[in-house]
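>
Chains as they are written, first to last, in the numbering used here: chain H, 22 to 311; chain R, 11 to 314.
#1: Rounded to the nearest angstrom, what separates residue 301 of chain R and residue 308 of chain R at their Cα positions?
#2: Which same chain residues, not among the five before or five after residue 311 of chain H, have their C-beta less than 7 angstroms away from its C-beta?
#3: Quick check on this structure: which residue in H:264, H:82, H:231, H:152 has the alpha carbon closest to the alpha carbon of residue 248 of chain H?
#4: Let me confirm a value: residue 187 of chain R is counted as buried when at least 16 other C-beta atoms fall within 10 Å, else exposed. Which label applies?
#5: Which two residues bound the contiguous alpha helix (DSSP H) that contains residue 174 of chain H?
#6: How big is the Cα-Cα spacing for residue 199 of chain H and residue 54 of chain H?
#7: How about residue 174 of chain R and residue 246 of chain R: do their beta carbons lie closer than 9 angstroms?
#8: Would a C-beta distance cut-off of 9 angstroms place residue 253 of chain R and residue 83 of chain R closer than the cut-off?
#9: What residue from H:43, H:123, H:32 has the CA that sits closest to residue 122 of chain R's CA?
#10: Does the beta carbon of residue 266 of chain R sit closer than 9 angstroms to a beta carbon anywhere in chain H?
#11: Can you list the residues of chain H that residue 25 of chain R reaches, using a CB-CB cut of under 7 angstroms?
#12: Pick helix, strand or coil for residue 62 of chain R, following the three-state DSSP scheme.
#13: Report the start-end ranges of each alpha helix (DSSP H) in the region 219 to 271 of chain R that is 4 residues or longer and not cut off at the edges.
#14: Entirely within the region 225 to 301 of chain H and at least 3 residues each: give me those beta strand (DSSP E) ranges in chain order.
#15: For residue 183 of chain R, I'd like the list of residues in its chain whose CB is within less than 7 angstroms of its CB, leaving aside the five on either flank, ordered along the chain.
#16: For a test of the three-state rule: what should DSSP assign to residue 171 of chain H, helix, strand or coil?
#17: Using a Cβ-Cβ distance cut-off of 9 angstroms, determine whether residue 230 of chain H contacts chain R.
#18: Put residue 315 of chain R into one of helix, strand or coil per three-state DSSP.
#19: How is the alpha helix (DSSP H) around residue 316 of chain H delimited, first residue to last?
#20: Buried or exposed: where does residue 211 of chain H fall if 16 or more other Cβ atoms within 10 Å of its Cβ makes it buried?
#21: Where do the N-terminal and C-terminal ends of the alpha helix (DSSP H) with residue 155 of chain H fall, by residue?
#22: Taking Cβ-Cβ distances below 7 angstroms as the criterion, which residues of the region 284 to 295 of chain R are in contact with chain H?
#23: Can you give the beta carbon distance from residue 246 of chain H to residue 241 of chain R, rounded, assuming they're within the 8 angstroms contact cut?
#24: Could you tell me if residue 152 of chain R is buried or exposed, where buried requires 16 or more neighbouring beta carbons within 10 angstroms of its beta carbon?
See below:
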């Protein structure tokens, strides 16, 4: 396995691969290019391969965070900056909570034999299939009238934790099963309590699983629109909500919107490049054995 | 004694937080929704003030032409999209299952469309479909063709959302089938090669049948997910023009927020949930059946 050899392929094969790559990332590239153009360039009739790249759209979107005042702006609109802060807080907090209670639950489901384990497994699998659209009405009603959580970040975080938990439990189970039980028994012999065994022995061993689970969780919280739209008010809006709100029927400011879209797309793209193996593991777990 | 009891309680302690969150924020809302689907309820009322109207929401839905239309659009969308994606994804996997340099880079690039926000995907495609500045119409007019009314005409709009979904989700099927292909027993393929099977024969008689269990699970997963698509279509067309791209999720959203009929929206959500539960259950049963078969095979092997 150390020295890999590669087969020679026929040139048409490489042409196909290049075409596939262009198709896969072409739209993303187009968005990047558009976000670097002035609206004059976007709207001009000549297809413009040559243009002056400018960061102006990003300055407009992020004006709240800049230490200088961009001269093309008369007034700074803080909507997007606020949404970015909200998205970051909601994404990070909900991921942290989901992972902590998710790993504990997955561990209990795998390691301890107690009544109702199968039932719980089936339920987690079923809950995994619940689409956000189905939760829209009840969550709106309950959060508004019973919990009083509408319009707060906490309310949105609670939905995202619940939405992600089944998947996290499901995926972590497959990693915990692989931890040799002898290791845990040895630790218990040395006098470690169940919590110590879990935090000091099991957790470090399932780091790849935790990485995969946290990427998936963060991605859902970061990208979700529908529930955030129903639950947030002016101060707790997330980035996807502001993007949809700024899409009007006519006269769309494509440059700025593409810049915000790009900012929303950047974290998932970074994750993909750093952890594609874990992501693919997460995707294939369950469907493909081994 | 107390240690023993602590040990007996541990699994419950570990499960309690997750159980509590799921009960409060997932299980309870779903029960609530089932109850709400029997009410005549608008967003300004508390649920206690809403009138109980029995099954009237459901009967209203089934006699509502717009709902039937959107049900039909949803089913049409799912079937079209999943069929095309299965053929493309499996085909590409069979084609690219070779020992080449840079396969992992390729896979990384292919999962990008799935990772970025659906909102952003919708945004990109809406821009590309733009009647004048979009790349498609620009290229068409540059080459001397007539521009196409991508999102303005009903049939074209449906085709447009199908294309965008294929772009986003074919890689999912590609990656799952590639993983399946690479975990096939090399001995079977080797044996068929020695017996003189051609490339096509290998694919049809050896590879596809061996991949079948994974392919069926992939198909069901993708089918379930295709019912969840919402944001891409919302940004691109918002269900229009007319009802041509109004899938069920969008209709639920509109019924709740625009028409302010929470009871009806809940009834729709219920129907969608039932469809998804049936699909999930099919997947679960299929997985269990596979496991049982594998166990039996192993037992037979051990006896022999």
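Each residue gets a CB set at the ideal place from its N, CA and C atoms; glycine is no exception.
This is what the structure holds:
#1: Walking along the second chain from the start, residue 301 of chain R turns up at place 291. Walking along the second chain from the start, residue 308 of chain R turns up at place 298. In a straight line, the C-alpha of residue 301 of chain R is about 11 angstroms away from that of residue 308 of chain R.
#2: Working through the first chain from its first residue, we reach residue 311 of chain H at position 290. Because residue 311 of chain H carries a pLDDT of 34, less than 50, the predicted location of this residue cannot be relied on, and the following value inherits that uncertainty. So the list is empty, once near-sequence residues are dropped.
#3: On the first chain, residue 248 of chain H is found 227 positions in, with the first residue counted as 1. If we check each option's Cα against that of residue 248 of chain H, H:152 comes out closest.
#4: As a position in the second chain, residue 187 of chain R is number 177, starting the count at 1. Buried is the call here.
#5: Reading the first chain from its first residue, position 153 is the one you call residue 174 of chain H. Element bounds for residue 174 of chain H: 174 to 197.
#6: Counting from 1 along the first chain, the entry for residue 199 of chain H is found at position 178. Counting from 1 along the first chain, the entry for residue 54 of chain H is found at position 33. Rounded to whole angstroms, residue 199 of chain H to residue 54 of chain H spans 45 angstroms at the Cα level.
#7: On the second chain, residue 174 of chain R is found 164 positions in, with the first residue counted as 1. On the second chain, residue 246 of chain R is found 236 positions in, with the first residue counted as 1. Result yes, Cβ atoms of residue 174 of chain R and residue 246 of chain R sit closer than 9 angstroms.
#8: Residue numbering aside, residue 253 of chain R sits at position 243 when the second chain is read from its first letter. Residue numbering aside, residue 83 of chain R sits at position 73 when the second chain is read from its first letter. Their beta carbons are under 9 angstroms apart, which means residue 253 of chain R touches residue 83 of chain R by this criterion.
#9: One-based indexing of the second chain puts residue 122 of chain R at position 112. Measuring from the Cα of residue 122 of chain R, the nearest candidate turns out to be H:43.
#10: Translated into the one-based positions of the second chain, residue 266 of chain R becomes position 256. At least one chain H Cβ lies under 9 angstroms of residue 266 of chain R.
#11: For the purposes of this step, residue 25 of chain R is taken as the residue at position 15 of the second chain. Within chain H, the residues near residue 25 of chain R are 126, 129.
#12: Translated into positions along the second chain, residue 62 of chain R becomes position 52. Strand at residue 62 of chain R.
#13: Taking only runs of at least 4 residues, the alpha helix (DSSP H) segments lying wholly in the region 219 to 271 of chain R are 241 to 246, 258 to 267.
#14: DSSP runs (the beta strand (DSSP E)) wholly in the region 225 to 301 of chain H: none.
#15: Counting from 1 along the second chain, the entry for residue 183 of chain R is found at position 173. Excluding sequence positions up to five before and after residue 183 of chain R, its CB lies within less than 7 angstroms of the CB of 95, 96, 99, 100, 228, 232, all in the same chain and listed in chain order.
#16: On the first chain, position 150 is the one that residue 171 of chain H refers to. Here residue 171 of chain H sits in coil by DSSP.
#17: Residue numbering aside, residue 230 of chain H sits at position 209 when the first chain is read from its first letter. False, the Cβ-Cβ gap to chain R never drops below 9 angstroms.
#18: Within the shown structure, residues of chain R are numbered from 11 to 314, placing residue 315 of chain R beyond reach of any answer.
#19: Absent from the structure is residue 316 of chain H, since the part of chain H shown begins at 22 and ends at 311.
#20: Locating residue 211 of chain H in the first chain gives position 190, where the first residue counts as 1. With fewer than 16 other Cβ atoms within 10 Å, it is exposed.
#21: In the first chain, the residue the question calls residue 155 of chain H occupies position 134. Residue 155 of chain H -> alpha helix (DSSP H) spans 153 to 163.
#22: Going along the region 284 to 295 of chain R in chain order, one finds 286, 287, 290, 294 with a Cβ nearer than 7 angstroms to chain H.
#23: Along the first chain, read from residue 1 onward, the residue named residue 246 of chain H stands at position 225. Along the second chain, read from residue 1 onward, the residue named residue 241 of chain R stands at position 231. Confirmed, Cβ separation roughly 5 angstroms.
#24: By 1-based counting over the second chain, the position of residue 152 of chain R is 142. Taking all protein chains in view, the Cβ of residue 152 of chain R is surrounded by fewer than 16 other Cβ atoms within 10 Å, so the residue is classified as exposed.
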